[in-house]
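Per my numbering: the sequence shown = residues 69 to 288.
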Amino acid sequence: MANSAAQAVARPAIARPEPAIHRLTVLVALADARRAELLADVLAASDDLAPALAGSGVGQMADVAIADEAGLESRVVSSATPIVLLSRRAGSEQVADNVLAVLPASADGLLIAAAARLAASGYRVGRAAPSEAGHGDFHDDEPAEEETPDDNQPRPALSPREAEVLALLAEGAPNKVIARRLNISVHTAKFHVAAILIKLGAANRTDAIAIAMRQGLVLV
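Written out as structure tokens, the structure is:
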């Protein structure tokens, strides 16, 4: 009996396989081939994104597409694929129904990646200030003029982690402090900040805090 118990204790545990991470196929359709390649490299650094350049044959199978005006006109993207539009136009021009997000052409890769994830999940997001969109308003540390709030606008659905990040933003915490307080990487902190800016329709971190306060999402 003792030997049986010892054998039972010594039996190695069966390792459970790690759950596979679903990678979103992201079609990158930009007129500037060099910009498209650089953006694809940035997206590929994320565990959950699998970028593919236009012409690679994945157009109809993409989960989401990142395109500029030329990419839209080329019709390389399926009409059923959600699109993140990188636009050089300052106005709120009419876009196709499957364009779920509009960012300035100068938006950085981290913000574009966040918008791609949101668009793939069905969020319809846009730029916070169309009149300023051509000047890279979505970089989260630049000042911007405050917009008149829309009291009838529904509150955005923030995840529990995004709510924690928003609370720290309201305290004035930079990305490194957010990462340390929440025990996450700086890269992950930056992603959550970018997602919050998009969901709130904010131009920068300060704007996000102002919008959150108006909507009762944080108390400062």
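Using N, Cα and C, we set each Cβ at its ideal position, and we do this for glycine too. Remember, it's a predicted structure, so these values are computed and weren't measured experimentally.
Residue i - DSSP class collapsed to helix/strand/coil
i    : result
V170 : strand
A122 : coil
T149 : coil
V233 : helix
I134 : strand
L285 : coil
L154 : strand
I264 : helix
D208 : In this prediction, D208 scores a pLDDT of 44, lower than 50, which makes its location untrustworthy; no coordinate-derived value is stated.
G269 : coil
L226 : coil
Close-in-space but distant-in-sequence residues of the same chain around residue i (CB under 8 Å, 5 per side omitted)
i    : result
A112 : A118 and P119
D116 : I89, H90, R91, L92 and R185
Segment limits, alpha helix (DSSP H) that includes residue i
i    : result
T274 : R273 to R282
I180 : G177 to A188
Beta-carbon spacing of residue i, residue j below 8 Å
i    : j    : result
A148 : V94  : no
V145 : L171 : no
A276 : E230 : no
G139 : L98  : yes
Run of the beta strand (DSSP E) containing residue i, from where it starts to where it stops
i   : result
V96 : L92 to A97
Top-ranked residue by Cα proximity to residue i, from the options
i    : options                   : result
G123 : A133, Q283 and N166       : A133
L179 : G269, S142 and E232       : G269
D100 : V126, V110, A135 and S114 : A135
A280 : A235, D176 and A175       : A235
V167 : G177, A181, A173 and Y191 : Y191
G177 : K258, G240, R273 and V245 : K258
S114 : L237, V286 and S253       : S253
A182 : A278, V110 and L285       : V110
Cβ-based neighbour list, residue i, same chain, cut-off 6 Å, excluding 5 preceding and 5 following
i    : result
A225 : none
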